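Here is the structure we will look at.
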Amino acid sequence: MENFLTHSKNGYYNGLTFHRVIEDFMIQGGDPNGNSTGGTSIWGEPFPDEFSPELAHFRGALSMANSGPNTNGSQFFIVQADSIDDSLISEMEQAGFNPDVIEKYKAVGGTPWLDNNYTVFGQVIEGMEIVDQIAAVEKNERDMPLTPILIKEIIVKE
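Following UniProt numbering, the numbering of the sequence shown begins with 1 at its first residue and continues without gaps.
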């Protein structure tokens, strides 16, 4: 969270794009190259994943994007999926997911297969309709919007 907050306060994300959008999955931004290949952390190098059983990829989760374990930089994504199917619920039960977590996934949707693979550090409280609109735009074969979707500014309220 420190990385995202510091980048946000310093204006790092201002003018960058949501460069990867997949409807019923997520929207991704935070890459100065705009193609999923760039971005650095505030420390100038990748930083380790941080997982917590209290933080899951429910709809609206704000999470670090990465290219593998412990490769976090500046890219992030917001989970847009608003449902999960019954077969996934069954897999979650068999895998030993906490019953309360399963119930929340049933209620709000999300992407449970990302849990313990990507660091969740926030949650969209209001404005998910904007995330849904971004996820639904026309895009190319690499899931890049045909019309750039800019991040005007991220404001941190303390």
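Cβ coordinates follow ideal geometry from the N, Cα and C atoms, glycine included. None of these values were measured; they are calculated from a predicted model.
By the C-beta criterion, the segment 136 to 146 is judged to be in contact with the segment 15 to 31, since at least 3 inter-stretch pairs fall below 8 angstroms. Taking 8 angstroms as the upper bound for CB-CB distance, valine 124 and lysine 9 are not in contact here, some 19 angstroms apart. Tyrosine 13 is not a Cβ neighbour of isoleucine 130, given a cutoff of 8 angstroms. Here arginine 142 is exposed: its Cβ has fewer than 16 other Cβ atoms, across all protein chains shown, within 10 Å.
Across the structure, glutamate 91 and glycine 60 are spaced so that their CA atoms are roughly 22 angstroms apart. With contact defined as three or more Cβ pairs closer than 8 angstroms, the segment 80 to 94 and the segment 43 to 56 are not in contact. Counted as a single uninterrupted DSSP element, the beta strand (DSSP E) harbouring glutamine 123 occupies residues 120 to 123. Every beta strand (DSSP E) of 3 residues or more that sits fully in the segment 34 to 85 is shown, in chain order, as 61 to 64 and 76 to 79. The closest CA to that of glycine 73, considering only Met128, Gln80 and Asn33, is found on Asn33.
In this structure, the CA atom of threonine 37 is about 11 angstroms from the CA atom of glycine 29. Per DSSP, the beta-bridge partners of glycine 29 are Phe18 and Phe76. By the neighbour-count definition (other C-beta atoms within 10 Å, threshold 16), aspartate 115 is a buried residue. Judged by DSSP secondary structure, isoleucine 134 falls within the alpha helix (DSSP H) whose first and last residues are 128 to 135.
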